[in-house]
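Chemist: Under my numbering, the first residue of the sequence shown carries the number 35, and numbering increases by one thereafter.
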Amino acid sequence: MKQKKIPLRKCIVCQGMFPKKELIRVVRTPDEEIVIDLTGKAAGRGTYVCRQESCLKPDTFASGKWKKVLERALNMSISQEKYDAFREKWLEMMGQ
Numbered sequence: 035m036k037q038k039k040i041p042l043r044k045c046i047v048c049q050g051m052f053p054k055k056e057l058i059r060v061v062r063t064p065d066e067e068i069v070i071d072l073t074g075k076a077a078g079r080g081t082y083v084c085r086q087e088s089c090l091k092p093d094t095f096a097s098g099k100w101k102k103v104l105e106r107a108l109n110m111s112i113s114q115e116k117y118d119a120f121r122e123k124w125l126e127m128m129g130q
């Protein structure tokens, strides 16, 4: 029997390839909001972040790297207010 192919996705922070189910999906919804999609099925343009500590730590947010990476991956410009709101949701979800 042929083995089922496991879909791989790239982490936007470290550029590593991981199985899709091991990543956290971030989505730009049709109404231009940025949300964290834990189901992997939300409508909109999505991008992925791995669960490695180096990609999730709050220092990464402070460097400004995240905002630029998200803008490129989600193909949109992100206002500072939207980014701050997303960052708060992210840190709350990560328990930090």
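Even glycine gets a Cβ: it sits at the ideal position worked out from N, Cα and C. These numbers come from a predicted model, not from an experiment.
Using a Cβ-Cβ cutoff of less than 7 angstroms, which residues in the same chain neighbour V103 once the five nearest sequence positions on both sides are dropped?
Modeler: Hits under 7 angstroms: I46, V47.
Chemist: Could you name the residues that DSSP lists as bridge partners for Y117?
Modeler: Its beta-bridge partners do not exist; DSSP assigns none.
Chemist: Under 8 angstroms between the Cβ atoms of R85 and N109?
Modeler: Contact flag unset, no.
Chemist: Based on the DSSP output, what are the partners of R59 in its beta bridges?
Modeler: DSSP, once it has assigned bridges, lists D71, Y82 as partnering R59.
Chemist: Using DSSP with H/G/I as helix, E/B as strand and the rest coil, what is K101?
Modeler: K101 falls in the helix class under three-state DSSP.
Chemist: Find out if the Cβ-Cβ distance for the pair I112, E122 is shorter than 8 angstroms.
Modeler: Contact: no.
Chemist: Could you check how far apart the C-beta atoms of I70 and I58 are, in whole angstroms? I think they sit under 8 angstroms.
Modeler: The pair is a contact, with the Cβ atoms about 7 angstroms apart (cut-off 8 angstroms).
Chemist: Quick one: grab the DSSP three-state call for M128.
Modeler: Three-state result, M128: helix.
Chemist: Given a cut-off of 8 angstroms, decide if A107 and T81 are closer than it, judged by their beta-carbon atoms.
Modeler: Yes; because the gap between Cβ atoms is below 8 angstroms, this pair is in contact.
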